[in-house]
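Participant:
Residue numbers (the working numbering), protein chains in the order written: chain A, 41 to 369; chain B, 6 to 326.
(1) Would residue 252 of chain B be called buried (16 or more neighbouring beta carbons within 10 Å of its own) or exposed?
(2) Give a yes or no on whether 8 Å exceeds the smallest Cβ distance from residue 62 of chain B to chain A.
(3) What residues match up with residue 100 of chain A in a beta bridge as DSSP calls it?
(4) Using a cut-off of 7 Å between C-beta atoms, extract the partners of residue 231 of chain A located in chain B.
(5) Are the Cβ atoms of residue 193 of chain B and residue 72 of chain B separated by less than 8 Å?
(6) By the 10 Å Cβ neighbour count, where 16 or more other Cβ atoms means buried, how is residue 214 of chain A classified, buried or exposed?
(7) For residue 48 of chain B and residue 75 of chain A, what's the separation of their Cα atoms in angstroms?
(8) Which residue wins for smallest C-alpha separation from residue 200 of chain B, given the options B:36, B:187, B:211?
(9) Are the region 235-250 of chain A and the region 168-185 of chain A touching, with three or more C-beta to C-beta distances below 8 Å?
(10) With a CB to CB cut of under 8 Å and the five nearest residues on each side skipped, what residues in its chain are close to residue 144 of chain B?
(11) Label residue 204 of chain B either buried or exposed according to how many other C-beta atoms from any shown protein chain fall within 10 Å of its C-beta, with 16 as the threshold for buried.
(12) Starting from residue 290 of chain A, follow the beta strand (DSSP E) in both directions and report where the run begins and ends.
(13) Rank A:121, A:225, A:265 by C-alpha distance to the C-alpha of residue 148 of chain A and give the top, closest one.
(14) Check the Cβ-Cβ distances between residue 227 of chain B and every residue of chain A, and say whether any is below 8 Å.
(15) Just how far apart, CA to CA, sit residue 172 of chain B and residue 34 of chain B?
(16) Got a sec? Which residues, its chain only, sit under 6 Å from residue 361 of chain A by beta carbon, not counting five neighbours each side?
(17) Could you name the residues of chain A that residue 21 of chain B contacts, counting a contact when the two beta carbons are closer than 9 Å?
(18) If you draw a straight line from the C-alpha of residue 62 of chain A to the C-alpha of residue 99 of chain A, how long is it?
(19) Could you list which residues in chain A have their beta carbon closer than 7 Å to that of residue 277 of chain B, in chain order?
(20) Please go through the same chain and pick out, in chain order, the residues whose beta-carbon is closer than 6 Å to the beta-carbon of residue 266 of chain A, but skip the five residues on each side of it.
(21) Tell me the rounded alpha-carbon separation between residue 107 of chain A and residue 103 of chain B.
(22) By the 8 Å beta-carbon criterion, what residues does the region 208-233 of chain B contribute toward chain A?
(23) For a cutoff of 8 Å on Cβ pairs, would you count residue 291 of chain B as touching chain A?
(24) Mind checking who residue 287 of chain B pairs with in its DSSP beta bridge?
(25) Please state if the CB of residue 257 of chain A and the CB of residue 226 of chain A are separated by a distance shorter than 8 Å.
(26) Using beta-carbon positions only, say whether residue 224 of chain B and residue 50 of chain B come within less than 8 Å of one another.
(27) Restricting to Cα atoms, I'd like to know which of B:214, B:248, B:147, B:308 is closest to residue 84 of chain B.
(28) Kindly give me the distance between the Cβ atoms of residue 79 of chain A and residue 295 of chain A, rounded to whole angstroms, as I take these residues to be in contact under 8 Å.
(29) Between residue 328 of chain A and residue 281 of chain A, what straight-line distance do the alpha-carbon atoms span, to the nearest angstrom?
(30) Ignoring anything shorter than 3 residues, give me the beta strand (DSSP E) runs that lie fully in the region 112-197 of chain A, in order along the chain.
(31) Would you mind working out which of A:87, A:299, A:275, A:126 sits nearest residue 203 of chain A, comparing C-alpha positions?
(32) Listing by chain order, which chain B residues have their CB less than 7 Å from the CB of residue 76 of chain A?
(33) If the cut-off is 8 Å on Cβ atoms, which residues from the region 29-40 of chain B count as contacting chain A, listed in chain order?
(34) Quickly, what does DSSP pair residue 4 of chain B with across the bridge? List them, please.
(35) Using a Cβ-Cβ cut-off of less than 7 Å, list which residues of the region 260-275 of chain A approach chain B; keep chain order.
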């Protein structure tokens, strides 16, 4: 009897929360976890900025396993959260199934495209950001050899490599980029030991600037680079502070801006594809006090120049995903 | 491929071998006593977290090492209680330990440091420094032997040497002491040991404790020797590769050194040459990374040599009454 009572009470509370939470935005973090010092944390920062500015509240959910995705999306949609922002390309399939069932809810997916009438897809032009980092690396490198360490061997990460290599070659036509991928399973995102070992192998091949696009594995890469006295380039979030004076720059994906914009637009989020590039400040380089001593006026000028040319359309940065090939090695 | 590259690969192989070797010897003690332990991975992970957390808070790597061993020993106690005292299924207990470590490290890390399960980056005295062996600088100019000694053998963190010394120590303990004889016997035929008036339970508990100590060293080496801090799931399957190496080594200490060095070497080669060009076709690095498992399966299938695991392994000992 008491059990039934508590059940009923529980149901009532749930119903109350559901109505009370009408039109509250929601954010779902992907498997990397909320505080990954990278992608997801940037999303969190954007949501928090919105909350601080407007005094509003939002719901958040952190994925623990692949199997939870659909359930999590449906649950948030049913509690009336709107819009629902998901981070990560892995949500694409699930969102394709769930979005048609909730036509009044607006969804935002970051990092991939889902073609549904109520979904906004935010994609970043990572090659452009990586290209600028490549130019900086080319100017900072003494040996003319740069390294790239990717996490999982997937086309998305090749995109980073290709942009970086193009920028590096633009600054150092005689240079070369040594490439390694950590692995072919999701475990490749969390293996700092292997990251450090790969970095050392690249240093032995002459690399003196290493770009890591590898999640938690990148922590090991940046550490090994700092230990061995060479430069590194961080990714997604600003990672310059991890080793002040040793991280040349970080290629930023302004996920925070996208989440902030989506939350601000609320239920009026425009469906469709939104490309965030250099022009819309969706990607860029991190410049702060930590890497100031490494950046010369010449470098700043070169980066600004390249940026202006890309925005004007004079320089085309090739996107690996368009033809699964890169024009430079 | 020039000599400097060979030296660099060997140096990398020694670093990559060390956690495997420590974990492999840990598994050796446990399995020789008749307790299967697939929880090596979880214990390493827990030790990595505990050592990084303690080193980050105290700033002293030795305190971190002690904490790492304590963390891994705590999980060993769980395994021992489940599989020795309560005679539970050893495989299930091992799997449970892996899950427990995977979740607990992130949970505690997030609660204590708020960095998403990561510990703060370690520096200075909170990390193991590299040791130069005596006369390394003097021997270095000697051709061939010089670089081998000065670059491959010297210049590692202390735990590398502990791991290397653990091999003869394990051999001596297993084959030259009364304890070792009994330990091997308890894994083959516990009833005979019991008949001789020696406690099976006690022997197995001792073996499990040594396993906890060695996996603790392995985990601490990952977090405070090879990298500078804990990242979730950072053991990245090394506990399982160590198990494969144990089978490859046929549960013998010197062969464990050989097997883990071979596995370390394969990874080092794969790191240095992502695609090995053999003329008509290219060997991808994925193949090199899968090779330890492939070799183990071949050995288990009986194509090369034969795997002879301890006969009483996996079965809880029930005294006949």
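Quick reminder that beta carbons are idealized off the backbone N, C-alpha and C, glycines included.
Facilitator: Reading off the structure:
(1) Mapped onto the second chain, residue 252 of chain B falls at position 247. Result: buried.
(2) By one-based count along the second chain, residue 62 of chain B stands at place 57. With a threshold of 8 Å between beta carbons, residue 62 of chain B makes no contact with chain A.
(3) On the first chain, position 60 is the one that residue 100 of chain A refers to. Paired residues: A:67.
(4) The residue given as residue 231 of chain A occupies position 191 in the first chain. Within chain B, the C-beta atoms nearer than 7 Å to that of residue 231 of chain A come from 239, 241, in chain order.
(5) Position 188 of the second chain, counting from 1, holds the residue named residue 193 of chain B. Position 67 of the second chain, counting from 1, holds the residue named residue 72 of chain B. Cβ distance not < 8 Å, so residue 193 of chain B and residue 72 of chain B don't count as in contact.
(6) In the first chain, residue 214 of chain A corresponds to position 174, counting from 1. The residue in question, residue 214 of chain A, is exposed, as its Cβ has fewer than 16 Cβ neighbours within 10 Å.
(7) Here the question's residue 48 of chain B lines up with position 43 in the second chain. Here the question's residue 75 of chain A lines up with position 35 in the first chain. If you take the alpha carbons of residue 48 of chain B and residue 75 of chain A, they lie about 24 Å apart.
(8) Along the second chain, read from residue 1 onward, the residue named residue 200 of chain B stands at position 195. Residue 200 of chain B has its Cα closest to that of B:187, out of B:36, B:187, B:211.
(9) The region 235-250 of chain A makes contact with the region 168-185 of chain A: 3 or more CB pairs, one atom from each, lie closer than 8 Å.
(10) Within the second chain, residue 144 of chain B is the residue found at index 139, counting from 1. So the qualifying residues of the chain are 150, 151, 154, 155.
(11) Start at 1 with the first residue of the second chain, and residue 204 of chain B comes out as number 199. When all chains shown are included, residue 204 of chain B counts as exposed.
(12) Here residue 290 of chain A corresponds to residue number 250 of the first chain, with the count starting at 1. Element bounds for residue 290 of chain A: 287-293.
(13) Position 108 of the first chain holds residue 148 of chain A. Closest by C-alpha distance to residue 148 of chain A, out of A:121, A:225, A:265, is A:121.
(14) Locating residue 227 of chain B in the second chain gives position 222, counting from the first residue. Residue 227 of chain B has a beta carbon lying within less than 8 Å of a beta carbon in chain A.
(15) On the second chain, residue 172 of chain B is found 167 positions in, with the first residue counted as 1. On the second chain, residue 34 of chain B is found 29 positions in, with the first residue counted as 1. One C-alpha to the other measures close to 12 Å.
(16) Position 321 of the first chain, counted from the start, is the residue given in the question as residue 361 of chain A. For residue 361 of chain A, where only same-chain residues beyond five positions count, the Cβ hits under 6 Å are 195, 199.
(17) Translated into positions along the second chain, residue 21 of chain B becomes position 16. Those within 9 Å of residue 21 of chain B in chain A are 233, 234, 237.
(18) The count along the first chain starts at 1 and reaches residue 62 of chain A at position 22. The count along the first chain starts at 1 and reaches residue 99 of chain A at position 59. Unreliable positioning characterises residue 62 of chain A in this predicted model, as indicated by a pLDDT of 49, which lies under 50. A coordinate reading is not provided.
(19) Looking up residue 277 of chain B in the second chain gives position 272. The answer, in chain order, is 241.
(20) In the first chain, counting from the first residue as 1, residue 266 of chain A sits at position 226. Contacts found: 283, 286.
(21) Start at 1 with the first residue of the first chain, and residue 107 of chain A comes out as number 67. Start at 1 with the first residue of the second chain, and residue 103 of chain B comes out as number 98. A straight line joining the alpha-carbon of residue 107 of chain A with that of residue 103 of chain B spans about 20 Å.
(22) Taking 8 Å as the Cβ-Cβ cut-off against chain A, the residues of the region 208-233 of chain B that qualify are 227, 231, 232, 233.
(23) Translated into the one-based positions of the second chain, residue 291 of chain B becomes position 286. Chain A, which has a Cβ nearer than 8 Å to the Cβ of residue 291 of chain B, makes this yes.
(24) Position 282 of the second chain, counted from the first residue, corresponds to residue 287 of chain B. Residue pairing from DSSP places residue 287 of chain B in a beta bridge opposite B:282.
(25) Reading the first chain from its first residue, position 186 is the one you call residue 226 of chain A. Reading the first chain from its first residue, position 217 is the one you call residue 257 of chain A. It is not a contact, given that the beta carbons lie outside the stated cut-off.
(26) As a working mapping, residue 224 of chain B is identified with position 219 in the second chain. As a working mapping, residue 50 of chain B is identified with position 45 in the second chain. Yes.
(27) Here residue 84 of chain B refers to the residue found at position 79 of the second chain. Looking at the Cα atoms, B:214 is the closest of the given residues.
(28) Locating residue 79 of chain A in the first chain gives position 39, where the first residue counts as 1. Locating residue 295 of chain A in the first chain gives position 255, where the first residue counts as 1. Indeed they touch by this definition, with Cβ atoms about 6 Å apart.
(29) Residue numbering aside, residue 328 of chain A sits at position 288 when the first chain is read from its first letter. Residue numbering aside, residue 281 of chain A sits at position 241 when the first chain is read from its first letter. Roughly 9 Å separates the two Cα atoms.
(30) Listed in chain order, the complete beta strand (DSSP E) runs (minimum 3 residues) inside the region 112-197 of chain A are 124-127, 147-150, 159-164, 185-192.
(31) As a first step, residue 203 of chain A must be located in the first chain, where it is residue number 163. Minimum Cα distance to residue 203 of chain A is reached at A:275.
(32) The residue labelled residue 76 of chain A in the question sits at position 36 within the first chain. Correct list: 121.
(33) Cβ contacts with chain A come from no residue of the region 29-40 of chain B.
(34) Residue 4 of chain B falls outside the range modelled here, since chain B spans only 6 to 326, and no answer is possible.
(35) Taking 7 Å as the upper bound on Cβ-Cβ separation, chain B lies near residues 260, 263 of the region 260-275 of chain A.
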